[in-house]
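K.L.:
If you read the sequences in order, they're chains A and B.
The numbers in numbering that gives the first Met the number 0 rise by one with no breaks, and the one at position 205 of the first sequence is 204.
The numbers in numbering that gives the first Met the number 0 rise by one with no breaks, and the one at position 321 of the second sequence is 320.
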Amino acid sequence: MSKNLFAVAGLFNTPDEIIKASKAVNKQYKKFDVNTPYPVHGMDSAMGLKSSKLGYFALAFGLTGMLIALSLMTWVTTKEYPLVIGGKPFFSLPAFIPITFELTVLLASIGTVLSMIFIFFKLPNNSHPIHDTNYMKSVSNDKYGIYVLAEDDNFDAEKVKALFASLGAADISEILYNEDDLEEDVQVYQHFKIFDKKFVVGLLSIVVVVSGLAYYMLNKLFYMAPYNWMMTQSKVIPQAPVSDNFADGFPMRNPVEGTVAKGFMPYEYKGKPEEAEKNLINPSEVTPENLALGKIKFDIYCSPCHGYFGKGDSRLNGQFPNPPSLHSEKARNFKDGRIFHIITDGQNNVMPGYYKQLSRDDRWAVVNYVRVLQRSLNAKEEDLK
Amino acid sequence: MDKDYSKELSVIEGKPSLATITHDISVPMETMPNKAFYIALSVTLTFLGIGAFCLILTFIYGIGLWGNNNPVGWAFDIVNFVFWIGIGHAGTLISAILFLFRQKWRTGIARFAEAMTIFAVMTAGLFPLIHVGRPWLDGYLLPHPNQHGLWVNFTSPLLWDVFAVSTYATVSLIFWYVGLIPDFATLRDRTTNNIKKLIYSVLSFGWRHSNRHWQHYEMVYLILAGFATPLVLSVHTIVSFDFAVSILPGWHTTIFPPYFVAGAVFSGFAMVQNALIFIRKVFKLEYIITLDTLEKMNKIMLLTGTIVGYAYGMEFFIAWYSGNPLELFTFVNRAFGDYAWAYWIMMTCNVFSPQLFWFKKLRRSIPFMFVVAIFVNVGMWFERFVIIVTSLSRDFLPSSWAYYKPTLIDGGILLGSFGLFFTLVLLFTKAMPVISIAEVKAVVDGSQPTHHGGHE
Numbered sequence: 000m001s002k003n004l005f006a007v008a009g010l011f012n013t014p015d016e017i018i019k020a021s022k023a024v025n026k027q028y029k030k031f032d033v034n035t036p037y038p039v040h041g042m043d044s045a046m047g048l049k050s051s052k053l054g055y056f057a058l059a060f061g062l063t064g065m066l067i068a069l070s071l072m073t074w075v076t077t078k079e080y081p082l083v084i085g086g087k088p089f090f091s092l093p094a095f096i097p098i099t100f101e102l103t104v105l106l107a108s109i110g111t112v113l114s115m116i117f118i119f120f121k122l123p124n125n126s127h128p129i130h131d132t133n134y135m136k137s138v139s140n141d142k143y144g145i146y147v148l149a150e151d152d153n154f155d156a157e158k159v160k161a162l163f164a165s166l167g168a169a170d171i172s173e174i175l176y177n178e179d180d181l182e183e184d185v186q187v188y189q190h191f192k193i194f195d196k197k198f199v200v201g202l203l204s205i206v207v208v209v210s211g212l213a214y215y216m217l218n219k220l221f222y223m224a225p226y227n228w229m230m231t232q233s234k235v236i237p238q239a240p241v242s243d244n245f246a247d248g249f250p251m252r253n254p255v256e257g258t259v260a261k262g263f264m265p266y267e268y269k270g271k272p273e274e275a276e277k278n279l280i281n282p283s284e285v286t287p288e289n290l291a292l293g294k295i296k297f298d299i300y301c302s303p304c305h306g307y308f309g310k311g312d313s314r315l316n317g318q319f320p321n322p323p324s325l326h327s328e329k330a331r332n333f334k335d336g337r338i339f340h341i342i343t344d345g346q347n348n349v350m351p352g353y354y355k356q357l358s359r360d361d362r363w364a365v366v367n368y369v370r371v372l373q374r375s376l377n378a379k380e381e382d383l384k
Numbered sequence: 000m001d002k003d004y005s006k007e008l009s010v011i012e013g014k015p016s017l018a019t020i021t022h023d024i025s026v027p028m029e030t031m032p033n034k035a036f037y038i039a040l041s042v043t044l045t046f047l048g049i050g051a052f053c054l055i056l057t058f059i060y061g062i063g064l065w066g067n068n069n070p071v072g073w074a075f076d077i078v079n080f081v082f083w084i085g086i087g088h089a090g091t092l093i094s095a096i097l098f099l100f101r102q103k104w105r106t107g108i109a110r111f112a113e114a115m116t117i118f119a120v121m122t123a124g125l126f127p128l129i130h131v132g133r134p135w136l137d138g139y140l141l142p143h144p145n146q147h148g149l150w151v152n153f154t155s156p157l158l159w160d161v162f163a164v165s166t167y168a169t170v171s172l173i174f175w176y177v178g179l180i181p182d183f184a185t186l187r188d189r190t191t192n193n194i195k196k197l198i199y200s201v202l203s204f205g206w207r208h209s210n211r212h213w214q215h216y217e218m219v220y221l222i223l224a225g226f227a228t229p230l231v232l233s234v235h236t237i238v239s240f241d242f243a244v245s246i247l248p249g250w251h252t253t254i255f256p257p258y259f260v261a262g263a264v265f266s267g268f269a270m271v272q273n274a275l276i277f278i279r280k281v282f283k284l285e286y287i288i289t290l291d292t293l294e295k296m297n298k299i300m301l302l303t304g305t306i307v308g309y310a311y312g313m314e315f316f317i318a319w320y321s322g323n324p325l326e327l328f329t330f331v332n333r334a335f336g337d338y339a340w341a342y343w344i345m346m347t348c349n350v351f352s353p354q355l356f357w358f359k360k361l362r363r364s365i366p367f368m369f370v371v372a373i374f375v376n377v378g379m380w381f382e383r384f385v386i387i388v389t390s391l392s393r394d395f396l397p398s399s400w401a402y403y404k405p406t407l408i409d410g411g412i413l414l415g416s417f418g419l420f421f422t423l424v425l426l427f428t429k430a431m432p433v434i435s436i437a438e439v440k441a442v443v444d445g446s447q448p449t450h451h452g453g454h455e
C-alpha cells in the first residue's frame, strides 16, 4: 500500500445503488464520504448523519442582529440625539420594529451562510485530493460516488475494492494525495511564497488604492463643512447703516403692491363711526368662554383708563383727559358696531385704536363684555327674574 | 386524454439524462455569443448610455432638469423605484415561498428569477440615491458617527426603506450565490480552459458535492427560504409605508401593504415570464422551462392581478364609505380628473387583461401570454404613476395644484434603467448557468431512490 493513498473510491450509476452502498460502507467504516451531483433523498440516514446544527447558528445570529438594532436605536433616540419627531416618544418601539426585523434577517442570513462555508464545510479548499480526479468530474456531472479514507481504522484497500465490486460499482479507483501537499510544513509555507516580492508589492498597492479611495470618499465627497455659516451669512446687524441683503441696502423687501398679509385686512370704516355703527354686525356668539375672553382683554387693555367696571374711575384718573364712564346713556345706546369701531379706530385722538393689540375676534369679545358691564348697572326688570 | 393522477407528474419533460442537463445548461457559457446576442446587447447598451448621459447632466445641473416641482415633489424617480423593486419580488417569491411550498416547478425558473431580482433591486436602488439630489452625500442615509453629531431618524418610513432595500439586496444575493456554488463546481469540473477553471474554483470555494456538505447545505437553503419569505413581504410593505404613513388622501390607507405586495408579485411574474420565453427558446431549454411552468406563472398572475383589481375597487369603496370628502375627491379625480388617461391605462392593463387567463387556451398560448405580460408591466408602471402623481398634484391647498409633466431627462433616465437591467440580464445569461443544474437534476424522473419515493 503506497504512502500516497488518500482513499479508495467507487462510482455508481443509480441513486438506489448509492444508497445501498453507503448503508453497507457505513456498517464497516467511519471515515467515508458520498458525493452526488445533487442531494439524494434518504442519504443522511443511509450514511448515519445526525441532523444539521446550523439552525442554532441562525437563531444566535438573528438574536444578535435584533439586539444590535434595538440597542443602537434606543441609544441614539434617547441618549445621543434625542429629537421629538411627530410628537412620538423618544423610545417608540412600534416605529423601531421594521428596522429591527430587517437587521435580524440580515445578520442571521449572512452569519449562517458564512458559518456554513467556513466552519461547517472548512471551505475554501481547492487542494483537496479528490479535486481534478476522474471521480470528482463524474460525481459533479451524472454519477454517484463513495470513497473510504485511508485513515480509517479498518481500512484495507483490497477489501474496500472488493466491497465496492460486490455492490456493483461501475468504476473503482484510488485517489492519491497531491505530491506537493505531502512534503514538509516548511515547504508548504514556501509553496505559498507569502514574502515573495510580487505578493508584497501587490498587497501594498491594494492597501494604497483602497485607503486612498476611502480617504477621498470621506473627505471630498462625504464631507460637509460644519455649519458655521450663521456667523458669515448676509444679515442685518443692529445699528449698521446698510445691509448687504439687497442691492439697495435694505434688509427686507416691501410686500408686493396690492397684497394683504394674513390678519392685516385694512379697516373699511376708518374715520367713519356712523357708517360703522350702521353696517357692522356683531358676528360673535355670547358664550361663557367668549365673555371670559372679553373680560381678560378688557382688564388688560381698557381697564387702565376706563376702570375695571367701565366707570371711568381708573388709576390713571387725573393724569390724562378723564375717560368717560361707559355707563352713560350715550354709550349704552351705541350699537355694537360703534363700540367695535371705537376700539378699532379710537375716538377723538384721545382714546387710541386697539386694532394692533386685539384681533378682530378679541374686539368683538370685548364689545360683548362691555355690554355685560353696562347691563350690570342698568339691569332691566326681567334680568332680575 | 386520460391522466394517471396517482403519480406525481415530472416537472421536466421527457426523461433527460443527468449529463444532458449539465451539458444543455452549460453550453451558453462554453460557446461564443451569436450575432443576435450582440445586437440585443448593443440595444441595451445604447439605452444604458442614454440613461447615463441624462444622469450626468442631472449631476451637473441638478434635479431641476426633471419635471418634479411643487407640489409634485415625487414623480418619475419614485415611480421607477417602486416599479423596479416590485419587479424583483417575483424572484424571491419563486425561490423562497414556492420552495417552502415544495413546488417542484420552481426549480427550472428559480435561478433566472433570482438573478432578475438582484438586477431589479440594483436598478431600483439607483433611484432613491439620485432622487436626493446630491448623491455623493448618500452615505448619510446609513447611521454612522460623524462630525456633525447627526443621526438618522429611525422612526421615518424612508429610513426603514433604506434598511429594507439594502437587506433585501444582500439576502437575495446570498441566497442566489448559495444556489450557485454547486453549479460553479460542476462548471469547474467541465471546463478545459485554465482561466475559467481558476475563476470557477475560486467562486465554488472548492465545493466537492460531498453529502456531508449537502446535508448542511439543504438546511441552510431552508433557513434562507424561511428568512426570505417574510423579508420579501416586508420590503414592499415598507415601500408602501412611504405613502401610507403620510397624511395625503389617496396614500393614507391601510390597504396599501397587501395591495403593494400583490402588485409587486404581479409585475415581477410578468417580467420573468417575458424573459423566460426568450431564454427557453434561444437556449433550447423548453423541456426544463416547460409550457406547464409558464402556465402556472400565468395562473399566479391571474391571482395577483385579481387581488390588485380588488384593491382598486376597495379603495374606491372606502373613499365613499369613509365619508371623508377629501378621499372621495382624490379618487374621483384619479378616475376622471387630469390624469384619467393614466388611470384608465392602468385599469385596462392590470385589471382587464389578466382576466383573459381564465381561458386555458389563452393561458397556454405563448404569443398571447407574452403580450398580456407586457400589458401588465405597462399597467403596473402606470399604477405607481397614478398613485404618486395624482395624489400629489391635488394636495390640500388648491392654490398650489399643478399638472406634472415629465421632461426628456426623466424619460432618458427611465430608458436607462431598462438598459441597465437588460444589459445585466444579457451578460448573466452568458456568464452563469441560467438554470440551477443541481436543483433540476434532483427533480428529474428517476433521480431519487425508489424506496423512498413510493411510486413504480
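Beta carbons are placed, not taken as given, at the ideal position from N, Cα and C, and that holds for glycine.
Checking 7 Å against the spacing of the C-beta atoms, do Val388(B) and Met345(B) come in under that value?
P.N.:
Not closer than 7 Å, so no.
K.L.:
Based on the DSSP output, what are the partners of Phe98(B) in its beta bridges?
P.N.:
Looking at the DSSP assignment, Phe98(B) forms no beta bridge with any residue, so it has no partner.
K.L.:
Would you check if the distance between the CB atom of Leu290(A) and the CB atom of Asn377(A) is smaller than 7 Å?
P.N.:
Result no, Cβ atoms of Leu290(A) and Asn377(A) do not sit closer than 7 Å.
K.L.:
Report all residues from its chain with a CB closer than 6 Å to the CB of Pro322(A); omit the five preceding and five following residues, and keep chain order.
P.N.:
Closer than 6 Å at the Cβ level, and outside the excluded window around Pro322(A), lie Cys304, His305 and Gly311.
K.L.:
Is DSSP giving Ala6(A) helix, strand or coil here?
P.N.:
If DSSP states are grouped into helix, strand and coil, Ala6(A) belongs with the strands.
K.L.:
Reducing DSSP to helix, strand and coil, say where Pro72(B) ends up.
P.N.:
Reading off the sequence shown, one finds Gly at residue 72(B), where the question assumed Pro. Residue state, collapsed to three classes: coil.
K.L.:
Give me the Cα-Cα distance between Ser155(B) and Thr111(A), rounded to the nearest whole angstrom.
P.N.:
Computed Cα separation, rounded: 30 Å.
K.L.:
Under 8 Å Cβ-Cβ, which residues of chain A neighbour His215(B)?
P.N.:
The answer, in chain order, is Ser51, Leu53, Met115, Phe119 and Phe120.
K.L.:
Using a 10 Å radius around the Cβ and a threshold of 16 neighbouring Cβ atoms, would you call Trp175(B) buried or exposed?
P.N.:
Buried, since its Cβ has 16 or more Cβ neighbours within 10 Å.
K.L.:
Is DSSP giving Ser126(A) helix, strand or coil here?
P.N.:
Ser126(A): coil per DSSP, three-state reduction.
K.L.:
If you pair each beta-carbon of the stretch 202–212 of chain B with each one of the stretch 125–139 of chain A, do three or more pairs fall below 8 Å?
P.N.:
Cβ pair count under 8 Å is three or more, so yes.
K.L.:
Taking C-beta to C-beta, are Arg362(A) and Ile341(A) nearer than 7 Å?
P.N.:
No, these two residues do not count as a Cβ contact at 7 Å.
K.L.:
Quick check on the burial criterion: 16 or more other C-beta atoms within 10 angstroms. Buried or exposed for Lys283(B)?
P.N.:
The residue is exposed, with fewer than 16 neighbouring Cβ atoms inside 10 Å.
K.L.:
Under a Cβ-count criterion, where at least 16 other Cβ atoms within 10 Å of its own Cβ denotes burial, should Ile77(B) be classed as buried or exposed?
P.N.:
With 16 or more other Cβ atoms within 10 Å, it is buried.
K.L.:
Check whether the stretch 279–296 of chain B touches the stretch 105–124 of chain B, counting contact only when three or more Cβ pairs, one atom from each stretch, lie closer than 8 Å.
P.N.:
In short, these stretches touch, since the Cβ pair count reaches three.
K.L.:
How about Ala448(B): is its C-beta nearer than 7 Å to some C-beta of chain A?
P.N.:
The sequence given here has Pro at residue 448(B), not Ala. Yes - at least one Cβ of chain A is within 7 Å of the one on Pro448(B).
K.L.:
Counting along the chain, where does the alpha helix (DSSP H) carrying Phe328(B) start and finish?
P.N.:
Note, Phe328(B): alpha helix (DSSP H), Pro324 to Phe335.
K.L.:
Any residues in the stretch 207–224 of chain A with a beta carbon nearer than 9 Å to a beta carbon of chain B? Which ones, in chain order?
P.N.:
So the list reads Met216, Leu217, Lys219, Leu220, Phe221, Tyr222 and Met223, given in the order they occur along the chain.
K.L.:
Compute the Euclidean distance between the alpha carbons of Tyr222(A) and Leu122(A), then round it to the nearest angstrom.
P.N.:
Computed Cα separation, rounded: 40 Å.
K.L.:
Between Ser435(B) and Ser94(B), what straight-line distance do the alpha-carbon atoms span, to the nearest angstrom?
P.N.:
Taking the straight line from one Cα to the other gives about 11 Å.
K.L.:
Taking the alpha-carbon positions, what's the Ser21(A) to Asp151(A) distance?
P.N.:
Each residue's alpha carbon lies about 15 Å from the other.
K.L.:
Any C-beta of chain B sitting closer than 7 Å to the C-beta of Ile67(A)?
P.N.:
Chain B contact via Cβ: absent.
K.L.:
Could you check which residue in Asn323(B), Val201(B), Thr57(B) and Thr303(B) has the C-alpha nearest to that of Leu128(B)?
P.N.:
Closest by alpha carbon: Thr57(B).
K.L.:
Measure the alpha-carbon distance for Leu140(B) versus Gly211(A) and round it to whole angstroms.
P.N.:
Leu140(B) and Gly211(A): Cα-Cα distance of roughly 23 Å.
K.L.:
Let me confirm a value: Arg393(B) is counted as buried when at least 16 other C-beta atoms fall within 10 Å, else exposed. Which label applies?
P.N.:
Arg393(B) should be labelled buried.
K.L.:
By Cβ distance below 8 Å, which residues in the same chain neighbour Thr13(A) in space, the five residues on each side in sequence not counted?
P.N.:
Closer than 8 Å at the Cβ level, and outside the excluded window around Thr13(A), lie Tyr143.
K.L.:
Give me, in chain order, the residues of the same chain whose beta-carbon lies closer than 6 Å to that of Ala263(B); leave out the 5 immediate sequence neighbours on both sides.
P.N.:
Within the same chain, Ala263(B) has close Cβ partners Gly85, His88 and His235.
K.L.:
If I measure Cβ to Cβ from Ala371(A) and keep anything under 7 Å in the same chain, skipping five residues before and after, which residues do I get?
P.N.:
Contrary to the premise, residue 371(A) reads as Val rather than Ala in this sequence. So the list reads Leu290, once near-sequence residues are dropped.
K.L.:
Run through chain A and tell me which residues come within less than 8 Å of Gly205(B), C-beta to C-beta.
P.N.:
Result: Leu122, Pro123, Asn124, Asn125, Ser126, His127 and His130.
K.L.:
Assess contact between the stretch 209–227 of chain B and the stretch 167–182 of chain B, defined as three or more Cβ pairs (one per stretch) separated by less than 8 Å. Is contact present?
P.N.:
Yes: the two stretches touch, three or more of their Cβ pairs being nearer than 8 Å.
K.L.:
Helix, strand or coil for Glu381(A) per DSSP?
P.N.:
Glu381(A) falls in the helix class under three-state DSSP.
K.L.:
By alpha-carbon positions, which one of Ala437(B), Phe259(B), Thr305(B) and Asn193(B) ends up nearest to Ser139(A)?
P.N.:
Closest option to Ser139(A), Cα to Cα, is Ala437(B).
K.L.:
Out of curiosity, what's the CA-to-CA distance linking Gly148(B) and Ala163(B)?
P.N.:
When rounded, the distance between both Cα atoms is 24 Å.
K.L.:
So Met72(A) contacts chain B; which residues on that side make the cut at Cβ distance below 7 Å?
P.N.:
Result: Phe153.
K.L.:
Give the interface partners of Thr166(B) over in chain A, defined as CB-CB distance under 8 Å, in chain order.
P.N.:
Neighbours of Thr166(B) on chain A, chain order: Glu101, Leu102, Val104 and Leu105.
K.L.:
Considering Cα atoms alone, identify which of Ser9(B), Asn145(B), Ile198(B) and Thr190(B) is closest to Pro462(B).
P.N.:
It is not possible to answer for residue 462(B), since the shown part of chain B is limited to 0 through 455.
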